[in-house]
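A.B. asks: My structure is below; once you've seen it, I'll send some questions.
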Amino acid sequence: MAEVTKLVHKYLRHDKKFPHVWCPGCGNGIVLGAMIRAIDRLGYRKDEIVMVSGIGCSGRLPVYVDFNTLHTTHGRALTFATGIKLAKPELKVIVVMGDGDATAIGGNHFIHAARRNINLTAIIINNNIYGMTGGQYSPTTPYGMKATTAPYRNIEHAFNIAELAVTAGAVFVGRGTVYHARLLDKLVEKAFIKRGFGVVEVITHCHTQYGRRNRLGNAVAMMNWQKEHAVRVEKATEMSAEELRDKFTIGVLVDRELPVYTEQYNLVRQQARESIGR
Amino acid sequence: MARRRKKRPQLLQGNEAIVEGALVAGCRFFAGYPITPASEISEILAYRLPQVEGTFIQMEDEIASLGAVIGASLAGVKSMTATSGPGFSLMQENLGFACVAEVPCVVVNVMRGGPSTGLPTNPSQGDVMQARWGTHGDHPIIVLAPSSVQDSFDLTVKAFNFSERYRTPVIVLSDEVVAHTRETVLLPDPEEIEVLERITPSMPPEWYIPYEDTSRGVPPMGIFGDGYRYHVTGLIHDIRGFPTARADEIEPFMGRLFRKISQHFHDIQIVNQFMTEDAEILVIAYGSVARSARRAVLDARGKGVKAGLFQLVTLFPFPRRDLEPFLRQVRAVLVPEMNMGQISREVKRVNEGTTRVLTLNRIDGRMITPQEIYERLIKE
Chain A
1 MAEVTKLVHK YLRHDKKFPH VWCPGCGNGI VLGAMIRAID RLGYRKDEIV MVSGIGCSGR
61 LPVYVDFNTL HTTHGRALTF ATGIKLAKPE LKVIVVMGDG DATAIGGNHF IHAARRNINL
121 TAIIINNNIY GMTGGQYSPT TPYGMKATTA PYRNIEHAFN IAELAVTAGA VFVGRGTVYH
181 ARLLDKLVEK AFIKRGFGVV EVITHCHTQY GRRNRLGNAV AMMNWQKEHA VRVEKATEMS
241 AEELRDKFTI GVLVDRELPV YTEQYNLVRQ QARESIGR
Chain B
1001 MARRRKKRPQ LLQGNEAIVE GALVAGCRFF AGYPITPASE ISEILAYRLP QVEGTFIQME
1061 DEIASLGAVI GASLAGVKSM TATSGPGFSL MQENLGFACV AEVPCVVVNV MRGGPSTGLP
1121 TNPSQGDVMQ ARWGTHGDHP IIVLAPSSVQ DSFDLTVKAF NFSERYRTPV IVLSDEVVAH
1181 TRETVLLPDP EEIEVLERIT PSMPPEWYIP YEDTSRGVPP MGIFGDGYRY HVTGLIHDIR
1241 GFPTARADEI EPFMGRLFRK ISQHFHDIQI VNQFMTEDAE ILVIAYGSVA RSARRAVLDA
1301 RGKGVKAGLF QLVTLFPFPR RDLEPFLRQV RAVLVPEMNM GQISREVKRV NEGTTRVLTL
1361 NRIDGRMITP QEIYERLIKE
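Residue numbers (the numbering used here), protein chains in the order written: chain A, 1 to 278; chain B, 1001 to 1380.
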């Protein structure tokens, strides 16, 4: 059996009604694949994984896989995940969100989860648009592009999700694309094993909603765009601002150590017990 | 402060009693956001929970607070949050999630004057209908209203028991007067208190069907990490937990959601009756107003008016069956409330013209005094 078939048999839910909701050519399957491969390589038990999502195309990701899965309200995935992690720190809690999910309606939760350094992994699938609801502009729709709610052009400026995570205090921040699948596998794995709040922003395409409206071509053309516009972080340091103008960096943006919330809280508990002489 | 609870009188405020009740009921997770007049609950639990291996966290807002509470409950820990009107509004989204995903949790709303920022330090009963209908979509909900410090303790325990037994969010609707009144209470020994736990699956994981109907209408709840891997969603789902849009799957699910509460009305609906047996005029009250009403009834009896008090402890599901016989017995009911008439509408709905329904409303941030109720009782 091919390796991928083995993983499909091992991790996909057999009692779930298929087909899935994603369009042909969608990058979400690649992201899910990267997560599954990382989970398999790292040897996590299915019972110890909790996969949490918000709303949108990315929100449907956990339903297909055989873990403890939780499909929350729009933008709130990190809050539910925070509760799970604090209640049962031995669980490996993975949160999947979209760009609108994580940085518009869930933006506040995102920066605070990063600031607290709760031991969670956040995978943010950035397709620059609200896909499921029909192609409305999101906080990462680039300036000047079109969306159903920006029929003339988008006059807002886009969030840089990975840099937002760095500034908010995430201890691990990576950015990949669905084109650079092997790099994505590595980034996801690194984020999983990182102690503290780890973020991987995955640049992907929504050819159905974003691509078509902006004449960016089909899924293959949009993945080629990723290939041509992504620059490895290491290489970017040697490039001029002019050379980097319409590029984005991929790789590990930050990997640092800060006290982890759950461990700190254990110390608080110890202090609390001592205060009452137990 | 090793509080080995002995049966001795204590001077507590309502908010403190809620904390004691929560801890005795087994609450070990609290997430909240500061708000007057509920903050004491957060402050005391921040101190107490880590002493008993529990967890307190202050979240970035009330939306996040209830999200974290639901998450912790899914991981098997009894969880609670506490807030007031503005924060309660923010919680409505996730409250609906807890209803649909059937996640036990307790939400305390210490009512203050509204709307909006309103009167942060004044009492009100303006959130009664928000507690009933605040979240979108048709859903059943359990709402309990304490009227004293003792009630605050007892009903918090009850709220946890109901939430665990019926896998539903339960709202404790306190108000600023009850929350900040200090009274001497006699808290029972923990051994004397009935504490219920949710039913968890006992079959092998491969046989577990997470949302299968049972005679009680409440399916056993798999806990994240315990080997029963299943899907939890706010979408309407089939018995396996997977999203569905099929009418033949939606109907049984929604039907069960309502039935699991409605077939247990006898357990959930709590009322306190005071001098109702021969009453000719009945005061229907709840929360701090019930205290004023009790006094007014006594005073009216002193003047020869056969008054009685029907105190609603459970506001929702509305205790219709217990009330109906009195509607036929009395010449009038008086519903005093610190709002423009939220429970009186329920009373009128149930009354269907049987007797006269009188209202006494106050929305100026002051509590309704015994005198005000007494004067109405004497007049009628």
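C-beta atoms are modelled at their ideal positions from N, C-alpha and C, and glycine is treated no differently.
1) Which of helix, strand or coil does DSSP assign to Y1228 of chain B?
2) Please give me, in chain order, every unbroken run of the beta strand (DSSP E) with length at least 3 that falls completely inside the stretch 1314-1357 of chain B.
3) Whose C-alpha, out of B:V1330, B:E1053, B:A1307 and B:A1068, is nearest the C-alpha of G1032 of chain B?
4) Look at the alpha carbon of R76 of chain A and the alpha carbon of S58 of chain A, and state the distance between them as a whole number of angstroms.
5) If you measure beta-carbon to beta-carbon, which residues of the stretch 102-114 of chain A are closer than 7 Å to chain D?
6) Which first and last residues belong to the alpha helix (DSSP H) in which I39 of chain A is found?
7) Comparing alpha-carbon positions, which option in B:A1025, B:N1015 and B:F1318 lies nearest R1165 of chain B?
8) What runs of the alpha helix (DSSP H), each 4 residues or longer, lie entirely inside the stretch 1063-1115 of chain B?
9) Report the neighbours of L12 of chain A on chain B: residues whose CB is nearer than 8 Å to its CB, in chain order.
10) Output the residue ranges of the alpha helix (DSSP H) runs that lie fully inside the stretch 1246-1297 of chain B and measure 4 residues or longer, sorted by chain position.
11) Give a yes or no on contact between the stretch 1290-1306 of chain B and the stretch 1365-1380 of chain B, applying the rule of three or more CB pairs nearer than 8 Å.
12) Name the DSSP beta bridge partners of L1012 of chain B, please?
13) If you measure from the beta carbon of D295 of chain A to each beta carbon in chain B, is any gap under 7 Å?
14) Taking only beta carbons into account, state which residues of the stretch 1247-1267 of chain B come closer than 8 Å to chain A, listed in chain order.
15) Would S1042 of chain B and V1110 of chain B be called neighbours here (beta carbons separated by less than 7 Å)?
16) Taking the CB atoms as reference points, tell me whether Y983 of chain B and P1219 of chain B lie closer together than 7 Å.
17) Would you say D255 of chain A reaches chain B, if we count a Cβ-Cβ gap shorter than 7 Å as a contact?
18) At which residues does the alpha helix (DSSP H) containing H9 of chain A begin and terminate?
19) Under a CB-based cut-off of 7 Å, is N28 of chain A close to chain B?
20) Is it the case that the Cβ atoms of K247 of chain A and Y179 of chain A are separated by a distance below 7 Å?
21) Quick one: complete beta strand (DSSP E) runs, 3+ long, within the stretch 1165-1213 of chain B?
22) Let me check one thing: in DSSP terms, what residues is R1048 of chain B bridge-paired to?
23) Quick one: is D99 of chain A near chain B, going by C-beta distance under 7 Å?
24) If you run the structure through DSSP and keep just helix, strand and coil, what is Y143 of chain A?
25) What did DSSP end up calling Q209 of chain A once you bin it into helix, strand or coil?
26) If you reduce the DSSP assignment to three classes, tell me which class T981 of chain B lands in.
27) Is T167 of chain A close to chain B? Criterion is C-beta to C-beta, closer than 7 Å.
28) Rounding to the nearest angstrom, what Cα-Cα distance links L1049 of chain B and N214 of chain A in this structure?
29) Check the Cβ-Cβ distances between A87 of chain A and every residue of chain B, and say whether any is below 7 Å.
30) Check each candidate in B:A1046, B:S1089, B:L1045 and B:V1052 and name the one with the smallest Cα separation from I1063 of chain B.
31) What separation, rounded to the nearest whole angstrom, lies between the Cα atoms of K1348 of chain B and V1357 of chain B?
32) Quick one: residues in its chain with C-beta nearer than 6 Å to the C-beta of V202 of chain A, no 5 flanking neighbours on either side, listed in chain order?
33) When the Cα of F18 of chain A is compared with those of A:I55, A:V63, A:A113 and A:E163, which residue comes out closest?
34) Using the Cα positions of T1040 of chain B and L7 of chain A, report the straight-line distance between them to the nearest angstrom.
35) For the putative contact between V96 of chain A and L120 of chain A, defined by C-beta atoms under 8 Å, what is the C-beta separation to the nearest angstrom?
36) Once DSSP output is grouped into helix, strand and coil, what is the label at V286 of chain A?
C.D. replies: Reading from the atomic positions:
1) Coil.
2) Segments of the beta strand (DSSP E) lying fully in the stretch 1314-1357 of chain B: 1314-1316 and 1332-1337.
3) Comparing Cα-Cα distances from G1032 of chain B to each of B:V1330, B:E1053, B:A1307 and B:A1068, the minimum goes to B:A1068.
4) Using only the alpha carbons, I get a separation of about 13 Å.
5) Judged by its chain identifiers, the structure shown contains no chain D, and its protein chains are A and B.
6) Run containing I39 of chain A: N28 to L42, per the alpha helix (DSSP H) assignment.
7) Selected option, being the one with the closest Cα: B:A1025.
8) 1085-1101, all fully within the stretch 1063-1115 of chain B.
9) Under a criterion of Cβ atoms nearer than 8 Å, no residue of chain B is adjacent to L12 of chain A; the nearest Cβ is some 13 Å distant.
10) Segments of the alpha helix (DSSP H) lying fully in the stretch 1246-1297 of chain B: 1247-1262 and 1265-1268.
11) Remark: three or more beta-carbon pairs, one from each stretch, lie closer than 8 Å, so the stretch 1290-1306 of chain B and the stretch 1365-1380 of chain B are flagged as touching.
12) According to DSSP, which records beta bridges pairwise, L1012 of chain B is partnered with B:E1183.
13) Nothing can be reported for residue 295 of chain A: it is not among the residues displayed for chain A, which extend from 1 to 278.
14) For the stretch 1247-1267 of chain B, there are no residues whose beta carbon sits under 8 Å from a beta carbon of chain A.
15) For the pair S1042 of chain B and V1110 of chain B, the CB atoms are not nearer than the 7 Å cut-off.
16) Residue 983 of chain B lies beyond the range of chain B shown here (1001 to 1380); nothing can be said about it.
17) Between D255 of chain A and chain B, the shortest Cβ-Cβ separation is not below 7 Å.
18) Unbroken alpha helix (DSSP H) run through H9 of chain A: E3 to Y11.
19) By this cut-off, N28 of chain A is not an interface position.
20) For K247 of chain A and Y179 of chain A, no; Cβs fall outside 7 Å.
21) As summarised for the stretch 1165-1213 of chain B, the continuous beta strand (DSSP E) elements at least 3 residues long and confined to that stretch are 1169-1175 and 1182-1185, given in chain order.
22) In the DSSP output, where bridge partners are listed per residue, R1048 of chain B has none listed.
23) So no, D99 of chain A is outside the interface.
24) If DSSP states are grouped into helix, strand and coil, Y143 of chain A belongs with coil.
25) In the three-state reduction of the DSSP assignment, Q209 of chain A falls in the helix class.
26) Any answer about residue 981 of chain B is impossible in this case: the structure gives chain B only from 1001 up to 1380.
27) Answer no: the Cβ-Cβ gap between T167 of chain A and chain B never drops below 7 Å.
28) Linking L1049 of chain B to N214 of chain A through their CA atoms gives a straight-line distance of about 54 Å.
29) Under the 7 Å criterion on CB atoms, A87 of chain A is classed as interfacial with respect to chain B.
30) Distance check between I1063 of chain B and each of B:A1046, B:S1089, B:L1045 and B:V1052 places B:S1089 closest, using alpha-carbon atoms only.
31) Straight-line Cα distance between these residues: approximately 7 Å.
32) If we look at V202 of chain A and ignore the five residues flanking it on each side, its Cβ neighbours are V31, I125 and G176.
33) The candidate whose alpha carbon is nearest that of F18 of chain A is A:V63.
34) It is Glu, not Thr, that sits at residue 1040 of chain B in the sequence shown. The alpha-carbon separation between E1040 of chain B and L7 of chain A amounts to approximately 51 Å.
35) V96 of chain A to L120 of chain A, Cβ: 11 Å. No contact.
36) The requested residue 286 of chain A is not part of the displayed model; chain A covers only 1 to 278.
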